[in-house]
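Here is the structure we will look at.
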Amino acid sequence: MTSDPVIITAAIVGAERSVEQWAALPITPEQLVDAAVESVEAGASIIHLHVRDEDGQPSQRVDIFSKVTDLIRQRCDAIIQYSTGGAVGTTTQDRIAPLVLAPEMGTLSLGTLNFGEDIFENGHDTIIEIAQGLRLNNVVPEVEIFDLGMMETLERYLAQELIPKKFHVDFVLGVPGGLSGTIENLVTLVGRLPKGQSWSAAGLGRYELPLTLHALAMGGHVRVGLEDNIYYRKGELAKSNAQLIERVVRIAKECDRPIATVEQARQMLLA
8 MTSDPVIITA AIVGAERSVE QWAALPITPE QLVDAAVESV EAGASIIHLH VRDEDGQPSQ
68 RVDIFSKVTD LIRQRCDAII QYSTGGAVGT TTQDRIAPLV LAPEMGTLSL GTLNFGEDIF
128 ENGHDTIIEI AQGLRLNNVV PEVEIFDLGM METLERYLAQ ELIPKKFHVD FVLGVPGGLS
188 GTIENLVTLV GRLPKGQSWS AAGLGRYELP LTLHALAMGG HVRVGLEDNI YYRKGELAKS
248 NAQLIERVVR IAKECDRPIA TVEQARQMLL A
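In my numbering, the protein residues as written are 8 to 278.
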């Protein structure tokens with residue numbers, strides 16, 4: 008087991024959750040900022056950022072991303088990672104629009120998949136357009152892998168120099184329609200990575216805790232938060248994003264994995 012610092016990403020809201028599912032879901036810019044600050048204070052280095060409009064609906068509006076980003080930066084230091092996924096059905100142009108703000112990181116999903124009852128569309132042209140948007144704005148991609156076939160796409164696109172050479176990988180497992188969050192699947196995916204490639208695991212729902220444990224043991228990094236899982240344990244809703252992060256911190260320390268500071272995370276992922 009490695010003793011390298013572990014980077015914790017906080018996925019604080021996402022595009023799919025609603026206040027009907029979790030009453031205190033952070034929706035407004037002020038609530039998102041509070042959730043981000045609490046997450047950083049709990050141990051997160053990266054804020055995976057979605058935003059909502061005035062009606063609480065998922066949005067890719069540049070002005071909202073700008074406001075939330077500025078407010079976070081006023082209150083704490085964090086790597087802010089914009090989601091280019093938006094909500095299901097968002098146009099590619101809208102998905103990449105916030106990248107003009109030049110966040111330190113942004114997501115790049117490498118394939119279309121059934122997302123529950125919807126379709127998360129990421130065809131070739133969409134992937135290339137988002138990759139170009141990341142490159143033009145000097146944004147380091149977090150490549151999101153939902154299925155084994157996306158690893159094949161990653162290898163092919165790297166060989167063809169279609170995506171930036173420097174990137175971080177996040178295995179998002181447990182989406183209905185994608186690869187399930189079993190330990191066997193995580194081991195298979197990690198085994199396909201180039202030597203020395205940084206990676207993290209994000210398990211949805213019941214997969215969050217077991218994938219966290221195994222990512223820590225395997226030398227990887229971890230993503231948790233209300234976007235991925237609103238429960239602390241079966242039948243018990245989480246109190247906050249920070250509560251989920253605090254659990255990772257406790258487990259990591261027991262595994263002799265120190266928690267990466269924001270500056271350490273920058274050196275590991277962005278330098």
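Where is the CB? At the ideal position from N, CA and C, for every residue including glycine.
- Taking every protein chain shown into account, the CB of H131 has fewer than 16 other CB atoms within 10 angstroms, so this residue is exposed.
- Sequence-distant partners of L108 (beyond 5 residues in either direction) whose C-beta falls short of 7 Å from its own C-beta, in its chain, are V69, F72, S73 and T76.
- Under DSSP, no beta-bridge partner is assigned to P12.
- By DSSP's assignment, T114 forms a beta bridge with E149.
- Annotated as distal: I152 and F127, with beta-carbon spacing of 7 Å or more.
- Contact between G184 and G123 is confirmed by a C-beta separation of about 7 Å, below the 8 Å threshold.
- Counting C-beta atoms within 10 angstroms of its own C-beta, P36 has 16 or more neighbours from the protein chains shown and is therefore classed as buried.
- As DSSP reads the structure, N121 sits in a beta bridge with I126.
- In this structure, I103 sits away from T114, with a CB-CB distance that is not shorter than 7 Å.
- Per DSSP, reduced to three states, the secondary structure at E253 is helical.
- By the Cβ neighbour-count rule, V194 is exposed, with fewer than 16 other Cβ atoms within 10 Å of its own.
- Going by DSSP, Y164 is part of the alpha helix (DSSP H) stretching over L155 to A166.
- Under the three-state reduction of DSSP, P33 is assigned to coil, being neither helix nor strand.
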